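Remember, the working numbering sits 16 above the position in the sequence shown when you count from 1.
What follows is a set of notes on a single structure, which appears directly below.
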Amino acid sequence: MSLMELIARADARGLAASGLACLDRCVPLLDGDDEVLRPLWAALADDADRASGRDWAEGLAQVRDKLAGPGATGEDEAVVLARGMLAAAPDECSGPAVRTWADTGSVASLRIHRLLDPAADAAPGAEVPRDGGTEGLSPLVAAELRRQTCVLELLAGHGAAGLRPALEVSTEGRRVLRAVVSRRARGRG
Numbered sequence: 017m018s019l020m021e022l023i024a025r026a027d028a029r030g031l032a033a034s035g036l037a038c039l040d041r042c043v044p045l046l047d048g049d050d051e052v053l054r055p056l057w058a059a060l061a062d063d064a065d066r067a068s069g070r071d072w073a074e075g076l077a078q079v080r081d082k083l084a085g086p087g088a089t090g091e092d093e094a095v096v097l098a099r100g101m102l103a104a105a106p107d108e109c110s111g112p113a114v115r116t117w118a119d120t121g122s123v124a125s126l127r128i129h130r131l132l133d134p135a136a137d138a139a140p141g142a143e144v145p146r147d148g149g150t151e152g153l154s155p156l157v158a159a160e161l162r163r164q165t166c167v168l169e170l171l172a173g174h175g176a177a178g179l180r181p182a183l184e185v186s187t188e189g190r191r192v193l194r195a196v197v198s199r200r201a202r203g204r205g
């Protein structure tokens with residue numbers, strides 16, 4: 017199944033995990049540590065009704081405070097996209113807002129990976145196709161597309177039990193992006 021089909025079929029928990037995983041992998045752009053999103057992952061691990069309530073909203077407020085940055089002025093496009101993902105996170109893990117967040121987060125994360133991949137064509141406005149495979153994509157972008165697909169498949173196939181392996185997939189992607197961001201900073205310095 018394509019990434020687009022997986023997003024269309026995902027339940028609220030799968031959509032929230034997908035959006036959160038995209039944000040999690042992009043945390044290095046926001047100068048966040050590896051544990052900053054842990055409260056949101058924990059909220060998703062609780063039952064779905066509780067995750068859409070106070071635990072998620074409180075965790076999201078804490079994350080926004082910790083990752084608050086100077087704003088878009090002077091920041092490059094990748095950072096602006098990551099900040100936009102965080103700003104767009106819904107206060108509840110239900111309804112159309114979580115589906116929109118998962119979808120726009122997917123697009124933003126793929127765009128971020130394309131911008132940061134020296135082997136990719138980062139043409140303005142160019143979107144990574146999400147309705148097929150990874151053929152023709154640069155390595156960093158192809159890996160991100162696979163990670164997004166894997167997270168949704170894990171949640172679709174295992175429900176709440178798929179959260180831990182989804183977090184592991186996201187953690188691996190965060191480490192990769194952290195290394196890319198670090199190399200990029202050294203290249204500028």
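All C-beta atoms in this analysis are idealised placements derived from N, C-alpha and C, irrespective of residue type, glycine included.
Computed from a predicted structure; not experimentally measured.
In angstroms, rounded to a whole number, what distance separates the CA positions of residue i and residue j?
i: R54; j: G69; result: 16 Å
i: D65; j: D71; result: Per-residue confidence for D65 stands at a pLDDT of 48, beneath the threshold of 50, marking its modelled position as unreliable; no derived number is given.
i: G30; j: A182; result: 10 Å
i: R41; j: L193; result: 7 Å
i: E21; j: L153; result: 19 Å
i: R202; j: L126; result: 23 Å
i: L97; j: H174; result: 30 Å
i: S198; j: M101; result: 21 Å
i: D50; j: A28; result: 24 Å
i: A172; j: R162; result: 15 Å
i: I23; j: G111; result: 14 Å
i: R180; j: E143; result: 29 Å
Smallest Cα separation from residue i: which of the options?
i: D92; options: E188, R146, L131; result: L131
i: A94; options: A176, V123, L76; result: V123
i: A103; options: A73, R127, L126; result: A73
i: D62; options: A176, V157, R180; result: A176
i: D81; options: V52, A28, M101; result: V52
i: L170; options: A77, G178, G111; result: G178
i: M17; options: V144, G148, E143; result: G148
Kindly give me the distance between the Cβ atoms of residue i and residue j, rounded to whole angstroms, as I take these residues to be in contact under 8 Å.
i: L39; j: G121; result: 6 Å
i: V43; j: R190; result: 6 Å
i: L36; j: W57; result: 7 Å
Is residue i close to chain D? Criterion is C-beta to C-beta, closer than 8 Å.
i: M17; result: Looking for chain D here will not work: only one protein chain is present.
Can you name, in chain order, every residue of its own chain whose Cβ lies under 8 Å from the Cβ of residue i, other than the five neighbours on each side?
i: G85; result: L46, D47, E91, V95, R99
i: A158; result: T150
i: Q78; result: P55
i: T187; result: D40, D50
Using a Cβ-Cβ cut-off of 7 Å (strictly less than) and excluding sequence neighbours within five positions of residue i, which residues of its own chain qualify?
i: C166; result: V185
i: A135; result: S154, P155
i: V196; result: L132, L156
i: P106; result: A113, V114, W117
i: R200; result: L132
Using a Cβ-Cβ cutoff of less than 6 Å, which residues in the same chain neighbour residue i once the five nearest sequence positions on both sides are dropped?
i: R115; result: L31
i: A26; result: L168
i: S34; result: A118, V167, L168
i: H129; result: L156, V157, E160
i: Q164; result: L19, S122
Which runs of the alpha helix (DSSP H), 4 residues or longer, sit entirely within the segment 47-134?
-> 54-61, 64-67, 70-82, 93-104, 111-132
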